[in-house]
Amino acid sequence: MPRYLDMEPPKSVAAQTWHTLFKKAILKRYRPEELAKAFRELQMRYRTRPGDIATTLLGFRAANGSPDDVLVFKYAEFLLKNDYFTASDLLSALLKSSNYVRSKTSPNTRFSMPTCEERVFMIVTQFHITSDLPSSAVALQDLVFVIYRWLKVVGEDVVGKQLSGLQTMDAQLNGIYEALAQLTLATLGNKGMRKVTQYRWWKERRATVVNEMQNYDVNVLQWMNSQLAGRLRALLNVPPYLEMDADGKYKFSDEQILAQVEELPVVRSRAGIFVWLNAALAARPLTDDMTILTYIQGRSSDNPQSIVVDLLVAAFDVLTNFMLTKEPRQNAKVVRSFICNKLPVLIAILANNMQPAISADACIQMALMPGGMISMDPLPPISAGATDVRDSLKTTRLEFLQACVLHGLVNEQTVALILQESVALPRVIKLNKDNLVAQCANNVSKLAEHIEELAGMQGNVGAIAGCVVETVNNMCMSKDTMSLKSVCDKLIRRIPYMDFVMQYTQPGMLLLPLCNLLNDWTHDQDQSEFTPAYEEFASILLFTLAVIYRYDLSFADIGILGDSFVAKLLEDMTVSKPPGELQPEQASQLTQWIEGLFAVDEHGDTSGIGDDVMRQCSPQSFYTLVPTLFEQSILACRSQVLSMNTFKSGLELLLEPFLLPSLVMGLGWLAKHSWEDHNDADVLIQVLEKLLKPSSNAPETQAMHRAVLAVVATPLYCSLEEYCRKQPNKKANELLELLKPHLNQQRSLHSRQSELDQWQQEGKGLQGRVQQAIRDLITWSSTSTSPPNPPPHYTHRTFAIACQLLDSQTLLDAIIAEVNKTEYNNVPIALDVCTSLICAPAPVPMGAQQATHWTSPTGQLRSRVRIASADAQAILDLAKSYAETLVRLGRRVQAQMSFAAQMPAIAMPMPMQDQSTDQMMQDLGLALDNNTNASNVDATMATNASAMASNAELSGMDQPIDLTNLNNASADELAKLTVDGDAMNLDQNNQFLADFGMGVGDAQNNAQNNAMTNQDDDIFAGLNMDMGELDDFTFD
575 MPRYLDMEPP
585 KSVAAQTWHT
595 LFKKAILKRY
605 RPEELAKAFR
615 ELQMRYRTRP
625 GDIATTLLGF
635 RAANGSPDDV
645 LVFKYAEFLL
655 KNDYFTASDL
665 LSALLKSSNY
675 VRSKTSPNTR
685 FSMPTCEERV
695 FMIVTQFHIT
705 SDLPSSAVAL
715 QDLVFVIYRW
725 LKVVGEDVVG
735 KQLSGLQTMD
745 AQLNGIYEAL
755 AQLTLATLGN
765 KGMRKVTQYR
775 WWKERRATVV
785 NEMQNYDVNV
795 LQWMNSQLAG
805 RLRALLNVPP
815 YLEMDADGKY
825 KFSDEQILAQ
835 VEELPVVRSR
845 AGIFVWLNAA
855 LAARPLTDDM
865 TILTYIQGRS
875 SDNPQSIVVD
885 LLVAAFDVLT
895 NFMLTKEPRQ
905 NAKVVRSFIC
915 NKLPVLIAIL
925 ANNMQPAISA
935 DACIQMALMP
945 GGMISMDPLP
955 PISAGATDVR
965 DSLKTTRLEF
975 LQACVLHGLV
985 NEQTVALILQ
995 ESVALPRVIK
1005 LNKDNLVAQC
1015 ANNVSKLAEH
1025 IEELAGMQGN
1035 VGAIAGCVVE
1045 TVNNMCMSKD
1055 TMSLKSVCDK
1065 LIRRIPYMDF
1075 VMQYTQPGML
1085 LLPLCNLLND
1095 WTHDQDQSEF
1105 TPAYEEFASI
1115 LLFTLAVIYR
1125 YDLSFADIGI
1135 LGDSFVAKLL
1145 EDMTVSKPPG
1155 ELQPEQASQL
1165 TQWIEGLFAV
1175 DEHGDTSGIG
1185 DDVMRQCSPQ
1195 SFYTLVPTLF
1205 EQSILACRSQ
1215 VLSMNTFKSG
1225 LELLLEPFLL
1235 PSLVMGLGWL
1245 AKHSWEDHND
1255 ADVLIQVLEK
1265 LLKPSSNAPE
1275 TQAMHRAVLA
1285 VVATPLYCSL
1295 EEYCRKQPNK
1305 KANELLELLK
1315 PHLNQQRSLH
1325 SRQSELDQWQ
1335 QEGKGLQGRV
1345 QQAIRDLITW
1355 SSTSTSPPNP
1365 PPHYTHRTFA
1375 IACQLLDSQT
1385 LLDAIIAEVN
1395 KTEYNNVPIA
1405 LDVCTSLICA
1415 PAPVPMGAQQ
1425 ATHWTSPTGQ
1435 LRSRVRIASA
1445 DAQAILDLAK
1455 SYAETLVRLG
1465 RRVQAQMSFA
1475 AQMPAIAMPM
1485 PMQDQSTDQM
1495 MQDLGLALDN
1505 NTNASNVDAT
1515 MATNASAMAS
1525 NAELSGMDQP
1535 IDLTNLNNAS
1545 ADELAKLTVD
1555 GDAMNLDQNN
1565 QFLADFGMGV
1575 GDAQNNAQNN
1585 AMTNQDDDIF
1595 AGLNMDMGEL
1605 DDFTFD
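Per the numbering used here, residue 575 is the first one in the sequence shown, and the count goes up by one each step.
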């Protein structure tokens, strides 16, 4: 039986009259429009309270879960629209008649139809979407209170059943939950809610309402996996639900502030990867497989074809740039070797992870076909140097294609198609690292032949480099110092070739075993002859020092401990000690060396270094005494205690191979010696004449002497030049000319004084040059021509030097200023370029992470970007354009560096013919444990031995790398996650931005279009969430 047929009529006469009207109208099935006159006359006659009308009407809802009569809801909608009662009256009446209050339980849902609660909620929701909230404070308070009550009773019912285990998924109940959430959003999210901040009752009750909204979102909507989950909490991030301070201003959280900066599209520009690869090849090569694959995978994870093409195009862009900027020949040769030897290996790895429809052959054709993305004629035909540049690029292209044929990436038909002519390719055998190591183990002289092949461009350098590193490591482990000496002698002659080896390994993988060997060198005083041991030590030490100097390494870069022999030598290499500070043993050894070098017979000739001198002094002790030996000898000569002829004769002994590395310490001391203060310039010049012009023509001696000069020439030249500027000297000028061919042999990112002077004379300074470089890169990347324009004259050293010499905040200001000057359409390109600059790879100590190491040239700038972009409260005080660019730049830097942080944890087997086992151990995080106490010598040695002993296990792992597990998200996706992680997810987000005074033009509209859901399916599509003007949240 319908409930309204047997229900008890209301007590008041007015309510009884309404009850009678509703009952007869329902029985006779009158539509609400037909009852309009009756409703009006009845209200005029009785002046019934709105609450009573609503209560009387909802008294006709069905009992015991039976289906409700649809006319009840039609009458409710009509009466609500015509102001017979308010939304709060209707919701209050619904609450009184609901099982949530009557029986303290949820409604009966036996019938698969919407419940009375759901239908009424939807009526009120639609009403508030199309109309304003009540204007009076009392009416608004009633509405907020009744919605709060509904949230509370429904939320408590759900939580109670969850705790008792009785709550199950029910479609009808879920409809109630979602309808209530929609009602709350439509009502409490209406722009009319802004005015509640002026009412005292809101200030007292705000926290209670906010708490109930949050509880309902978490306990109900999230539990049922509703599409509306999170929206109520997002609504709490905007006024009037935010907490206010004592001054009446809203307190915004950091997440709320940062979320207001809309993200721009993430662009993978040509200049971005060019800048990154330029930095990787600018000084010590930072091109091990893990670094490059992680970077490009994060940059273009969704498109393997794009990865190959972008990498290949960027490599030729860097080579073109090096030639156009007239970089030293060796620098260009390093890039050529990267293209011809490294790229084919990387492409082969990537090809194993491509879809069958995509091939490496197609990618290479796409990049290299005439008229494509790489131009072989970057300069106009009649310009100076155009022919040389073109010939060099074409030669490199041919060598690269030959290497691709060697690695099975293309065939000869593809080569002919790209070159547009038939070419007879040389037959080259593909080398295997393990086979080479085995050959060299049986015949060390074989390694000398392979060392000469390190400069080759045939695609085999990776295997040879791995062989060199592993052979040296094996000799160190077995302490085969005689064979190791011969290898080091060969490498000393070809120190520049280490640039090619470093493309496949880290310095520590090569130098750590050598340093440990030198540190643990056994000096047996009982042996009969000491010269051979000194010779072996000298060759190993000189090679180690030459590599350390070339790449400007510290003992931390190598991975050795601070109290080891090489670490101490690097620290005190040019420091002499007063005799009083020497230990008794050191004083005795120094005396013996002075006597051995300068003692003369009856004919005035030096007798040479005897075994007695070397027996009492280990090689390590000798080299630490060299600066003091030089100082004391020069003092003796200046005081005429020691004649110049005798002094020169003694110095002749230091030019012997077994002592020749001592010139690194001796000449280094001379370079730092103050010539004017000691009045010994004449003595010093004669010493330099003797030491810089060896009399021996032996190839081994000449090679070692050149290696010494490469280390000491630059500081010595600067010292001599300064002296000549104050005291012109003909002999000194001759020595300067002698040193010039050996200058600037380092591959580092340090500046030269001549460069700084030139930049200051130009007027721009470092800051201006950085801004100009950014401007040129943006223009180049945003301009599309056929054939493509050559890259601008950009050198990464300039930016790295700027990072070292300029305050990080000053440099960041300059970068942001340049981005803000960029045309709006090119801002995404500008952000990509600047991100690549800030995240450029830089040398880091052994075992450190690129992402967190802040002492690298760009590390401090990265730290400044991270700190400044995360300080949301300080961002409020910045200009709007500056703040937006800072936040966007910070997001991109964070996203890109997150991939660098992942590198040590990614375990991916490398083809061992292309990379040394030690490198693999480092990449796999096994060579050095970051958690190992640096003071534990035994642990470090054990770690190194473990890495060396694993060669046998890793040597057979010639397997393709599965890049699908390398990173599951691209840098683009990470950037979006960074933006959206805690961002407000409301359709009306852009209106909030306008309220905050932070509209971002087209980018804002794009973001809004992307974020909007289908309006046909979204009840909030027409909801106006405008919060008005918020002057309390502004960047300006």
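For every residue, glycine included, the Cβ atom is placed at its ideal position computed from N, Cα and C.
The model shown is predicted, which means the values in this text are computed figures rather than measured ones.
- Distance from the CA atom of Glu778 to the CA atom of Val812, rounded to whole angstroms, is 18 Å.
- Along the stretch 1228-1269, the alpha helix (DSSP H) occurs as fully enclosed runs of 4 or more residues at 1236-1246, 1249-1252 and 1255-1266, listed in sequence order.
- Secondary structure at Val835: coil, using DSSP grouped into helix, strand and coil.
- In terms of Cβ geometry, Leu920 and Asp884 do not form a close pair [threshold 9 Å].
- Here the C-alpha atom of Asp1254 lies approximately 6 Å from the C-alpha atom of Arg1212.
- Runs of the beta strand (DSSP E) lying entirely within the stretch 1425-1459 and spanning at least 3 residues: none are present.
- Straight through space, the alpha carbons of Pro688 and Lys670 are spaced by roughly 19 Å.
- Annotation: His981 is outside any alpha helix (DSSP H) and is labelled neither H nor E by DSSP.
- Counting along the chain, Ile1390 sits inside the alpha helix (DSSP H) bounded by residues Ser1382 to Lys1395.
- Under the Cβ criterion (8 Å, minimum of three pairs), the stretch 1000-1008 does not count as touching the stretch 951-967.
- Straight-line spacing of the CA atoms in Val720 and Phe695 works out to 12 Å.
- When the five nearest sequence neighbours on each side are left out, the beta carbons in the same chain lying within less than 8 Å of the beta carbon of Leu1283 are those of Leu1266, Leu1313 and His1316, in order along the chain.
- For the stretch 1003-1044, not one full-length beta strand (DSSP E) segment reaches 3 residues or more.
- Straight-line spacing of the CA atoms in Gly1036 and Ala856 works out to 19 Å.
- For Met767, the three-state secondary structure derived from DSSP is helix.
- Of the candidates Leu999, Phe1074, Phe1117 and Asp1100, the residue whose Cα lies closest to the Cα of Leu1092 is Phe1117.
- Between Leu1330 and Leu1309, the gap from beta carbon to beta carbon reaches 9 Å or more.
- Of Arg1189, Leu1088 and Thr970, the smallest CA-CA separation from Ser1102 is found for Arg1189.
- Here Tyr1368 carries a coil assignment [DSSP, helix/strand/coil].
- Contact annotation, Tyr674 with Gln617: C-beta distance approximately 30 Å; criterion of less than 8 Å not satisfied.
- For Phe848, the enclosing alpha helix (DSSP H) begins and ends at Arg844 to Ala856.
- For Trp1354, the enclosing alpha helix (DSSP H) begins and ends at Gly1339 to Ser1356.
- Burial state of Val644 is exposed, judged by a 10 Å Cβ sphere holding fewer than 16 other Cβ atoms.
- Under the 10 Å beta carbon count, Asp1098 is surrounded by fewer than 16 other beta carbons and is classified as exposed.
- If you look at Ala745, you'll find it in the alpha helix (DSSP H) that goes Ala745 to Leu762.
- Judged by beta-carbon spacing, Val1257 lies within the 9 Å limit of Ile1208, meaning their Cβ atoms are closer than that value.
- With 16 or more other CB atoms across the displayed protein chains lying within 10 angstroms of its CB, Ser1410 is buried.
- Ser1236 is a Cβ neighbour of Phe1196, given a cutoff of 9 Å.
- Where Val784 is concerned, the enclosing alpha helix (DSSP H) starts and stops at Arg774 to Tyr790.
- For Cys1041 and Glu1026, the gap between their C-alpha atoms comes out near 13 Å.
- In the structure shown, the three-state DSSP call for Tyr824 is strand.
- For Met818, the three-state secondary structure derived from DSSP is strand.
- Judged by beta-carbon spacing, Val892 lies beyond the 9 Å limit of Leu924, meaning their Cβ atoms are not closer than that value.
- In the same chain as Leu631, and ignoring 5 residues on each side of it, the C-beta atoms closer than 8 Å to its own belong to Trp592, Phe596, Val646, Tyr649, Ala650, Leu653 and Ala667, in chain order.
- Under the three-state reduction of DSSP, Val698 is assigned to helix.
- Following the DSSP letters along the chain, one finds Leu725 inside the alpha helix (DSSP H) bounded by residues Ala711 to Ser738.
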